[in-house]
Amino acid sequence: MLMVSEVARALGIDDKQVVSLINEQLLGAVEITGRGNVSSREHWRIPVAAYDDYIRRRSNTAEERVR
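Here numbering that gives the first Met the number 0 is used: position 35 in the sequence shown is 34, and no number is missing along the way.
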């Protein structure tokens, strides 16, 4: 499991943008507190498989734009 800050650093974006990706259901994540605070980075963990899937989909979209 990855923390929001780790994913943000890897993608070159800030924590708020990662949380937005989660809220938009573009990046899979697990809420670890169950409190429903969707804006807080402390409440989320991103499975490595979900991160890999996001990267794969993003790469495919970029390749389609080049064609």
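For glycine and all other residues, C-beta sits at the position ideal for the given N, C-alpha and C.
Could you spell out the range, first to last residue, of the alpha helix (DSSP H) harbouring residue i?
i             : result
isoleucine 21 : 14-22
alanine 7     : 3-10
For residue i, does the three-state DSSP call read helix, strand or coil?
i             : result
isoleucine 31 : coil
Who are the near neighbours of residue i in its chain, counting only those whose CB is closer than 7 Å to its CB and skipping five residues on each side?
i             : result
isoleucine 21 : Ala28, Trp43
Anyone know if the C-beta pair for residue i and residue j falls short of 7 Å?
i             : j            : result
isoleucine 45 : leucine 1    : yes
serine 4      : aspartate 13 : no
valine 18     : valine 6     : no
Short of 8 Å in beta carbon distance, which residues of its chain neighbour residue i, apart from the five on each side in sequence? Order them along the chain.
i           : result
tyrosine 53 : Leu20, Leu25, Leu26, Gly27
Who are residue i's beta bridge partners in DSSP?
i             : result
isoleucine 45 : Leu1
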